[in-house]
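Residues -18 to -1, 1 to 112 in mature numbering (1 follows the signal peptide of the UniProt record, and there is no 0) are what the sequence shown spells out, letter by letter. Note that the Cβ used here is the ideal one computed from N, Cα and C, for glycine as well. In what follows, a structure is listed as structure tokens, so that the remarks can point back to it.
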Amino acid sequence: MICLVLAVFASVFHSARCGVAERTFIAIKPDGVQRHLVGEIVRRFERKGFKLVGLKLLQASEELLKEHYIALQDRPFYGRLVKYMSSGPVVAMVWQGLDVVRMARTMIGETNPAESRPGTIRGDFCIEVG
């Protein structure tokens, strides 16, 4: 799983159909930070007209990551995921805009980076899967 993978967790404040902005959390994982992809990823969201409402570079502790990924704790990759995510700095961002949750998922690509199309963040930047 040493590839650029973005975690998308949505917090929808109101339906985009009502014309009210949504917010979504996006994390650029350690390999994306190490490979200097942060600027390009931010630009892609800005070009879509989304507003960056928060950004923080942090070294996530294993404790924080275990809490963040609690829903995955029974999966066989959970331990590797926590170890990987704590291996280097992560960029945590919150983006706002109409339909940002759905659009972010489309822009990022498939959960399995090998299945992501060119033009998506995972499709363009993933270098290794597994």
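According to DSSP, simplified to helix, strand and coil, what is Ile23?
The count along the sequence shown starts at 1 and reaches residue 23 at position 41. Ile23 falls in the helix class under three-state DSSP.
Kindly indicate the opening and closing residues of the beta strand (DSSP E) around Ala9.
Within the sequence shown, numbered from 1, the residue matching residue 9 stands at position 27. Start and end: 4 to 10.
According to DSSP, Phe74 sits in a beta bridge with which residue or residues?
Position 92 of the sequence shown holds residue 74. This sequence places Ala at residue 74; Phe is not what is there. DSSP, once it has assigned bridges, lists Ala9, Lys38 as partnering Ala74.
Just to confirm my understanding: we take Gln78, look at its own chain, exclude 5 residues before and 5 after, and list those with CB closer than 6 Å. What are they?
Taking the first residue of the sequence shown as 1, we reach residue 78 at position 96. The answer, listed in chain order, is Ala3, Arg5, Lys33, Val35.
Excluding five sequence neighbours on each side, which residues of the same chain lie with their C-beta closer than 8 Å to the C-beta of residue 160?
Outside the shown range of the chain, which is -18 to 112, sits residue 160, and nothing can be said about it.
Could you tell me how far apart the beta carbons of Val76 and Phe27 are, in whole angstroms, since I believe they sit closer than 8 Å?
Along the sequence shown, read from residue 1 onward, the residue named residue 76 stands at position 94. Along the sequence shown, read from residue 1 onward, the residue named residue 27 stands at position 45. Actually they do not touch by this definition, with Cβ atoms about 11 Å apart.
Counting C-beta neighbours from all protein chains within 10 Å, is the total for Ala9 16 or more, i.e. buried, or is it exposed?
In the sequence shown, counting from the first residue as 1, residue 9 sits at position 27. The residue is buried, with at least 16 neighbouring Cβ atoms inside 10 Å.
Could you check whether Val64 and Leu47 sit closer than 8 Å to each other, using their CB atoms as the reference points?
Counting from 1 along the sequence shown, the entry for residue 47 is found at position 65. Counting from 1 along the sequence shown, the entry for residue 64 is found at position 82. Yes, these two residues count as a Cβ contact at 8 Å.
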